[in-house]
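**Student:** Top to bottom, those sequences are chains A and B.
For the first sequence, full-length UniProt numbering assigns the number 1 to the initial residue and increments by one for each residue that follows.
For the second sequence, full-length UniProt numbering assigns the number 1 to the initial residue and increments by one for each residue that follows.
There are 2 protein chains.
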Amino acid sequence: MKLYDAAMPGTRGARVRWILEELGIPYDVKTLDLRKDAKQPEYLEIHPHGRVPAFEIEGEAIIESAAICMQLADLHADRGLAPKLGTPERARWYQWIVYAPATLDGPIVERLFHTALLPPDKRRPELVERADATWKTAAPFLTKTLSKQDWLVGDAFTAADVVVGYDVALAANMGMLEGHPALQAYLGRLSSRPAFVKAYEGG
Amino acid sequence: MKLYDAAMPGTRGARVRWILEELGIPYDVKTLDLRKDAKQPEYLEIHPHGRVPAFEIEGEAIIESAAICMQLADLHADRGLAPKLGTPERARWYQWIVYAPATLDGPIVERLFHTALLPPDKRRPELVERADATWKTAAPFLTKTLSKQDWLVGDAFTAADVVVGYDVALAANMGMLEGHPALQAYLGRLSSRPAFVKAYEGG
Numbered sequence: 001m002k003l004y005d006a007a008m009p010g011t012r013g014a015r016v017r018w019i020l021e022e023l024g025i026p027y028d029v030k031t032l033d034l035r036k037d038a039k040q041p042e043y044l045e046i047h048p049h050g051r052v053p054a055f056e057i058e059g060e061a062i063i064e065s066a067a068i069c070m071q072l073a074d075l076h077a078d079r080g081l082a083p084k085l086g087t088p089e090r091a092r093w094y095q096w097i098v099y100a101p102a103t104l105d106g107p108i109v110e111r112l113f114h115t116a117l118l119p120p121d122k123r124r125p126e127l128v129e130r131a132d133a134t135w136k137t138a139a140p141f142l143t144k145t146l147s148k149q150d151w152l153v154g155d156a157f158t159a160a161d162v163v164v165g166y167d168v169a170l171a172a173n174m175g176m177l178e179g180h181p182a183l184q185a186y187l188g189r190l191s192s193r194p195a196f197v198k199a200y201e202g203g
Numbered sequence: 001m002k003l004y005d006a007a008m009p010g011t012r013g014a015r016v017r018w019i020l021e022e023l024g025i026p027y028d029v030k031t032l033d034l035r036k037d038a039k040q041p042e043y044l045e046i047h048p049h050g051r052v053p054a055f056e057i058e059g060e061a062i063i064e065s066a067a068i069c070m071q072l073a074d075l076h077a078d079r080g081l082a083p084k085l086g087t088p089e090r091a092r093w094y095q096w097i098v099y100a101p102a103t104l105d106g107p108i109v110e111r112l113f114h115t116a117l118l119p120p121d122k123r124r125p126e127l128v129e130r131a132d133a134t135w136k137t138a139a140p141f142l143t144k145t146l147s148k149q150d151w152l153v154g155d156a157f158t159a160a161d162v163v164v165g166y167d168v169a170l171a172a173n174m175g176m177l178e179g180h181p182a183l184q185a186y187l188g189r190l191s192s193r194p195a196f197v198k199a200y201e202g203g
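1) Kindly say whether P41/B, judged by its beta-carbon, lies nearer than 8 Å to any beta-carbon of chain A.
2) Please classify P125/B as buried or exposed, where buried requires at least 16 neighbouring CB atoms within 10 angstroms.
3) Got a sec: is the Cβ-Cβ distance from H180/B to anything in chain A below 8 Å?
4) Determine the DSSP secondary structure at Y99/B, reduced to helix, strand or coil.
5) Under 8 Å between the Cβ atoms of A100/A and V163/A?
6) Against chain B, does P120/A count as a neighbour if the rule is that its beta carbon must be under 8 Å from one of theirs?
7) Can you look up Y166/A in the DSSP assignment and give me helix, strand or coil?
8) Output the residue ranges of the alpha helix (DSSP H) runs that lie fully inside the UniProt domain "GST N-terminal" (1 to 80) of chain B and measure 4 residues or longer, sorted by chain position.
9) Report the rounded CA-to-CA distance for L142/B versus E178/B, giving the unit in angstroms.
10) Report yes or no: is there a C-beta of chain B within less than 8 Å of the C-beta of I19/A?
11) Let me make sure I understand the geometry here. Which of W93/A, D74/A, Y94/A has the alpha-carbon closest to that of P88/B?
12) Going along chain A in order, which residues have a C-beta closer than 7 Å to the C-beta of Q95/B?
13) How about T137/B and H180/A: do their beta carbons lie closer than 8 Å?
14) Excluding the five sequence neighbours on either side, which residues of its own chain have a C-beta within less than 8 Å of the C-beta of Q71/A, listed in chain order?
15) Would you verify that the beta carbon of E56/A is, or is not, closer than 8 Å to some beta carbon of chain B?
16) Would you kindly report the start and end of the unbroken alpha helix (DSSP H) that includes G106/A?
17) What in chain B is Cβ-close to R90/A, meaning under 8 Å?
18) If we call anything under 8 Å between Cβ atoms a contact, is L32/B one with R79/B?
19) So, at 8 Å on beta carbons, what are the nonlocal neighbours of D155/B in its own chain, with the 5 sequence-adjacent residues on each side left out?
20) In three-state DSSP terms, what is S191/B?
In structure tokens:
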């Protein structure tokens, strides 16, 4: 199993490293320079958009971090990171796992770029405003669930917490958890997991 | 089972209607006015962002069209719209089902708004450019698979074709399939399915 990631903090490769650490699966990492290696024909065969992560499993490459997390959770179903098929918990799991890339990632990643990563003359304040407007609804929505239970789906930590937790951790780095104590407490639970620490701080 | 949708063409509720028609499941539709009903507290309890679709199943509401499609496909696994857990086909299914909301929906829906739905003085050409740049990579990526097989995952039509097919149909309405014969042929296969016709024309 090989993870293609970039030498840059905050990539969505963190989701894949995190779930692999939760599952205790050994893996290789190929670290790319996003401006050079990731635009070479060889890598574009693996990820047509020249982004990270991509994940090779039995010689086949899959893209989309949320998809990779679902597949890994299913492959190790005994570890409890994926609720059983056809249950209401599975529906809720799908909802949160899709909510992250569909609704959270765009605004949060755009906010990061347009407040910090891009040079000041390339930053567009209207995209930051749009991100903040989404977060203004998303934060109470997450809070509604996370103020009555520790994890997003049922009573146990699942892959949904990895996928959404990535966004919560990124939001925290931008000060977006201020005034959201339930989300701060959730991040506290997430970041005290050994797998989180290894994924974010290990090599 | 109740689908919350809007009286507007092109909503992502089409994905849910389509898969319900494929599965032959009867359902109720509650049609909302996006500017009024969808912003009422009662609906915001169901969908915090005041968008459509939302789907009520056994009294529990789920949001995110791709998530709803996965759950419905699992609940009727005998109909073959979801590959078996833990197989390479299931990984590919997840990839395409996440690719749609993560990578395709944003640009395609933004393009629709900023070329047609918004009044001319609110349209932002740079968002159309960004959409076109994504499509320039996405169209060959889809073509790579769809020029060698009829459907996205393995040899059979699955929920991935519903989720991604929605974007292909929307792209076609904006003339974006020109110069992409494999995608035109794919849309031909999709739109000749009785469930597609019922979802898009019935109702």
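Cβ atoms here follow ideal geometry from the backbone N, Cα and C, with glycine treated the same way.
**Tutor:** According to the data block:
1) Here residue 41/B is taken as the residue at index 41 of the second sequence, counted from 1. Taking Cβ atoms only, chain A never reaches closer than 8 Å to P41/B, which makes this a no.
2) As a working mapping, residue 125/B is identified with position 125 in the second sequence. By the neighbour-count rule (16 or more Cβ atoms within 10 Å), P125/B is not buried but exposed.
3) Mapped onto the second sequence, residue 180/B falls at position 180. So no, H180/B is outside the interface.
4) Position 99 of the second sequence, counted from the start, is the residue given in the question as residue 99/B. The DSSP-derived three-state label of Y99/B is helix.
5) The residue labelled residue 100/A in the question sits at position 100 within the first sequence. The residue labelled residue 163/A in the question sits at position 163 within the first sequence. Cβ atoms of A100/A and V163/A: closer than 8 Å.
6) In the first sequence, residue 120/A corresponds to position 120, counting from 1. False, the Cβ-Cβ gap to chain B never drops below 8 Å.
7) Along the first sequence, one-based indexing puts residue 166/A at 166. Reduced to three states, the DSSP call for Y166/A is helix.
8) Within the UniProt domain "GST N-terminal" (1 to 80) of chain B, the complete alpha helix (DSSP H) runs of at least 4 residues are 13 to 23, 41 to 44, 65 to 75.
9) Position 142 of the second sequence holds residue 142/B. Position 178 of the second sequence holds residue 178/B. Rounded to the nearest angstrom, the two C-alpha atoms are 14 Å apart.
10) The sequence position of residue 19/A within the first sequence is 19, counting from 1. It does not; no Cβ of chain B falls within 8 Å.
11) Locating residue 88/B in the second sequence gives position 88, counting from the first residue. Nearest Cα to P88/B within the set W93/A, D74/A, Y94/A: D74/A.
12) By one-based count along the second sequence, residue 95/B stands at place 95. Ordered by position in chain A, the residues that pass the 7 Å Cβ test against Q95/B are I62, I63, E64, A67.
13) One-based indexing of the second sequence puts residue 137/B at position 137. One-based indexing of the first sequence puts residue 180/A at position 180. Contact: no.
14) The residue labelled residue 71/A in the question sits at position 71 within the first sequence. Around Q71/A, the same chain offers I57, I62 as residues with beta carbons nearer than 8 Å, after the five sequence neighbours per side are excluded.
15) Within the first sequence, residue 56/A is the residue found at index 56, counting from 1. No, because no Cβ of chain B sits closer than 8 Å to the Cβ of E56/A.
16) In the first sequence, counting from the first residue as 1, residue 106/A sits at position 106. Segment 105 to 112, the alpha helix (DSSP H) holding G106/A.
17) Within the first sequence, residue 90/A is the residue found at index 90, counting from 1. The answer, in chain order, is Q71, D74.
18) The count along the second sequence starts at 1 and reaches residue 32/B at position 32. The count along the second sequence starts at 1 and reaches residue 79/B at position 79. No.
19) Reading the second sequence from its first residue, position 155 is the one you call residue 155/B. So the list reads Q149, once near-sequence residues are dropped.
20) Here residue 191/B corresponds to residue number 191 of the second sequence, with the count starting at 1. In the three-state DSSP reduction, S191/B falls in the helix class (H, G or I).
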